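Note sheet for the following structure.
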Amino acid sequence: MSFDQTVFQPKPQGSLRPGVRLNGIFEIEALIAEGGMGEVYKGVALASGDAVAIKVVRPDLARDPEVMALFKREAAILHDLLHDAIVRYYVFSLEPELQRYYIAMEFVDGVSLQKRLADGPLSPAEARILLKRIGGALEQAHERGVIHRDISSDNIILPGGDVRKAKIVDFGIARATRPGEGTILGGGFAGKYKYVSPEQVGLMGGQVTPKSDIYSFGLVLAEALRGQPLDMGGAPAEVVEKRRVAPDLSGVDVSLRPLLTAMLAPDPQHRPGSMAEIAAWGEGATQFQAGAPAPAAAAGKRGGAVAAVAAAVVALGAGVGVYLWREPLGLGGRTVVATKPSPPALGPSASPTPAASTAAGTATPAPVTADALLDEMPPKPAHSVVALAPATVGAAYRAELPAFSDPVGKGLVLHAAPGLPAGMTFKALGGGRSEVSGAPQTAGEAAFDVVAVTEAGKSGRMKVALTVNPKPQASPPAQAPPPAQPDVTLEPAKAGTVYSAALPPFRSQQAVSLRAGPGLPAGLALSDLGNGLSQLTGEPKAPGEYAFDVIAGTASGAEG
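Under the numbering used here, the very last position in the sequence shown is 602; numbers go up by exactly one each time.
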């Protein structure tokens, strides 16, 4: 069963007819959607004629303190957040004659980002606009002590389908971090499992901070650039395991890959410091190193791992406590998602509970314990097949291998199967990590397996390939790599507008690194894409005519 299960409700009927007025301020026009907590209507503000969206609480739930706390929390949060990319709040009130509680807010007429992506991915330029707009809105929320906790592609609405007008909706499960303010759904999970951060499933200490929104927003940006989500959902154990390592971003545009690699680091300490840094990415000094290995998630204590999976197992129970609107303005859909309030945590020594009889006399199956689930999980490598950088006969060589995840949390035993080149040795480094080192004696292609075994005897395997090159012959004098075109005139740019241009490549048999010489317009940056390719991106700040050099350098010091 997937955690992102969607429950399709019957055709909405609604309890308020068109024409009903609330407090003499708003008038109901049409039902948009309904869910477990009530209904969402399109209405009109009588004084101004502006369209509004109105969430109305079900009468029977108005006596439920947890449900009312959810509504009051959303109203309080929206009241404090004034940003063009956050849906505007108007009022939270009780209609005295109808005795119905409601929230009135800005009506956003548009499609969700998720529905927009059904027509194809965003361009890199559009993704950068989304990056700056939503990143700026979340930074304001974080500055005011609010963590959204449910950033996803269906909680971002595009009015008129225009990414430049994107807005964040649904702060219903947002968490306030200010002293004295509790979390409505307790310390447990809140959000969608496809977009959840490692901390939200109990990894990395389980503390949810603004960096949790950074991780979820990174998954949304990757989805926008690919046209479809990364494979981050699935069964409970899969959801946890997929967040122990950085996700594969091979299908993401290379110009934004370094940023997303940083945002999706499993350890929050290795993510960017704030949404402000992300929104300003590419402008001057705010850069993230392309190709830098994402830190492997350290194997936690067994108690922490059990807590993560326990929350996942209990979430599969049949009972459903609270329904949260996932598209509060409707926009043509009637979709709601069930979320259960945080259950009692299973301790490290939790044992199966005997089957209990219900009032009807039927037996309730004994729950699966988190310990039993973890013991059945094999260690998993970050990559099943790894090709190491080539070695050279007689030259010192060392390469660290991708880490295995440790689901049980009691440590792994690693060893290498036969196949290592003569002169090379294998060493386990702890925490699922290992390395090969030495000076290979003969040239050729080598292949061997690295095997990891848990205390429970479950094993995982990673195949490793290594090419050993012969000793190099004396090389001829270094020659500067020539460009495909010595002089290039780019398409005109406009000050203050996002700009991107691919430059002609340098032709070289050797690896080259590219950089821009003096004269680059302020606001633009040159990205080295590898293989002699480069790209100019950013927002130029001042008009004028500019000329600059693109310089290619080889390891031997030659430049062109």
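Where is the CB? At the ideal position from N, CA and C, for every residue including glycine. Predicted model only: the values in this text are computed from it and were never measured.
Would ALA441 and GLU487 be called neighbours here (beta carbons separated by less than 9 Å)?
Against a cut-off of 9 Å, the Cβ pair of GLU487 and ALA441 comes out as no contact.
According to the neighbour-count rule (16 or more other Cβ atoms, all chains shown, within 10 Å of its Cβ), is ARG158 buried or exposed?
So ARG158 counts as buried.
Excluding the 5 residues flanking ALA264 on each side, which residues of the same chain have their C-beta closer than 7 Å to its C-beta?
Within the same chain, ALA264 has close Cβ partners LEU272, LEU291, VAL294 and LEU302.
In the DSSP assignment, find the unbroken alpha helix (DSSP H) run with PRO166 in it and report its ends.
That run of the alpha helix (DSSP H) goes 166-185.
Under the DSSP definition of a beta bridge, which residues are partnered with TYR132?
None; TYR132 has no bridge partner.
Give the straight-line distance between the Cα atoms of GLY580 and ALA567, rounded to the nearest whole angstrom.
C-alpha separation (whole angstroms): 6 Å.
Taking DSSP as the reference, what is the three-state secondary structure of SER195?
Correct three-state label for SER195: helix.
Under 9 Å between the Cβ atoms of ALA597 and LYS583?
No, the pair does not count as a contact, with Cβ atoms beyond the cut-off.
Three-state secondary structure (DSSP) at LYS207?
The answer is helix: DSSP assigns LYS207 an H, G or I state.
Determine the direct distance from the alpha carbon of TYR439 to that of PHE548, and round the result to whole angstroms.
Distance between the alpha carbons of PHE548 and TYR439: 30 Å.
Locate the alpha helix (DSSP H) running through LYS157, then write down its first and last residues.
Per DSSP, LYS157 belongs to the alpha helix (DSSP H) from 155-158.
Taking DSSP as the reference, what is the three-state secondary structure of GLY247?
It is helical.
Among GLN249, GLY586, THR539 and GLN551, whose alpha-carbon lies nearest the alpha-carbon of LEU562?
That would be GLY586, whose Cα lies nearest to the Cα of LEU562.
DSSP beta-bridge partners for PHE446?
PRO423.
Does the CB of ASP161 have a neighbour CB from chain B at under 9 Å?
Of the chains in the structure shown, none is chain B; there is only one protein chain.
How long is the line joining the alpha carbons of TRP323 and GLY178, rounded to whole angstroms?
Distance between the alpha carbons of TRP323 and GLY178: 12 Å.
Using beta-carbon positions only, say whether LEU180 and VAL205 come within less than 9 Å of one another.
No; because the gap between Cβ atoms is not below 9 Å, this pair is not in contact.
Is the Cβ-Cβ distance between ALA553 and LEU430 less than 9 Å?
Result no, Cβ atoms of ALA553 and LEU430 do not sit closer than 9 Å.
So what does LEU545 bridge to, in DSSP terms?
DSSP lists SER576 as partners of LEU545.
Mark LYS236 as exposed unless 16 or more other C-beta atoms lie within 10 angstroms of its C-beta, in which case mark it buried.
Classification for LYS236: buried.
Give every residue of the same chain whose Cβ lies closer than 6 Å to the Cβ of ALA470, excluding the five residues on either side of it in the sequence, and list them in chain order.
Same-chain partners within the cutoff: LEU456 and SER476.
I'd like to confirm the pairing. Which residues does DSSP put opposite ILE70 in its beta bridges?
Note: ILE70 sits in a beta bridge opposite GLY85.
What residue from ALA537, ALA321 and MET147 has the CA that sits closest to GLY260's CA?
Ranking the options by Cα distance to GLY260, first place goes to ALA321.
From GLN182 to LEU123, what distance separates their C-alpha atoms?
So the alpha carbons of these two residues sit roughly 7 Å apart.
With contact counted as at least three CB pairs below 8 Å, one residue from each stretch, are the stretch 53-73 and the stretch 88-96 in contact?
They touch, by the three-pair rule.
Consult DSSP for GLU241 and reduce its assignment to one of helix, strand or coil.
If DSSP states are grouped into helix, strand and coil, GLU241 belongs with the helices.
Kindly indicate which three-state DSSP category VAL681 falls into: helix, strand or coil?
Here the chain covers residues 43 to 602 and nothing more, so residue 681 does not appear.
By a C-beta neighbour count over all protein chains shown, 10 Å radius and 16 as the cutoff for buried, is THR539 buried or exposed?
Result: exposed.
What's the C-alpha gap between SER595 and ALA543?
Just to set this straight, residue 595 is Gly in the shown sequence, not Ser. Approximately 21 Å, taken between the alpha carbons.
Would you give the residue range spanned by the beta strand (DSSP E) that ASP212 belongs to?
Neither: ASP212 is in no beta strand (DSSP E) and is coded neither H nor E.
Would you tell me roughly how many angstroms separate the C-alpha atoms of ALA522 and VAL592, rounded to the nearest one?
Computed Cα separation, rounded: 13 Å.
Could you tell me if ARG603 is buried or exposed, where buried requires 16 or more neighbouring beta carbons within 10 angstroms of its beta carbon?
No statement about residue 603 is possible, as the shown extent of the chain runs from 43 to 602 and does not include it.
Which class does ASP591 belong to by DSSP, given the choice of helix, strand or coil?
Reduced to three states, the DSSP call for ASP591 is coil.
Taking just the CA atoms, how far does VAL150 sit from ILE210?
Between ILE210 and VAL150, the C-alpha separation is close to 10 Å.
By the three-class DSSP mapping on this structure, what secondary structure does GLU533 have?
If DSSP states are grouped into helix, strand and coil, GLU533 belongs with coil.
Can you check whether the CB of ASP255 is closer than 9 Å to the CB of HIS190?
Against a cut-off of 9 Å, the Cβ pair of ASP255 and HIS190 comes out as a contact.
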